[in-house]
Amino acid sequence: MASYSTPATLLREGFERFGTGALTEPYARCIVAWLQEQGHTAQLVLETAYLPECWYAVYWKERRADEAGLSGWWF
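Structure representation (structure tokens):
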């Protein structure tokens with residue numbers, strides 16, 4: 000589940016950072032799994048600013064209604 004993409008690459012691809020802090024791996028994996036269950040694309044990225052400790056950031060891309068075949072529906 001960990002990604003080799005860099006935050007800059009993900010931002011260029013339309014991803015957003017989920018929150019502002021860094022998380023330990025178990026918590027970051029839970030957030031990624033939850034976002035994916037909701038139909039979004041999410042990736043776990045190692046935060047290099049905190050090395051040698053392993054802290055992670057979650058990047059996600061919101062699933063748009065038209066991509067999900069729900070175009071024209073209001074929630």
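The opening position of the sequence shown corresponds to residue 0 in numbering that gives the first Met the number 0, with each subsequent residue numbered one higher.
Note that beta-carbon positions come from the ideal geometry of N, C-alpha and C, so glycine has one too.
- Boundaries of the alpha helix (DSSP H) harbouring Gln35: Glu24 to Glu36, taken from the DSSP string.
- For Ala21, there is no enclosing alpha helix (DSSP H), as DSSP gives it neither H nor E.
- Taking 8 Å as the upper bound for CB-CB distance, Gly18 and Lys60 are not in contact here, some 15 Å apart.
- The three-state secondary structure of Thr5, taken from DSSP, is coil.
- By DSSP's assignment, Ala48 forms no beta bridge with any residue.
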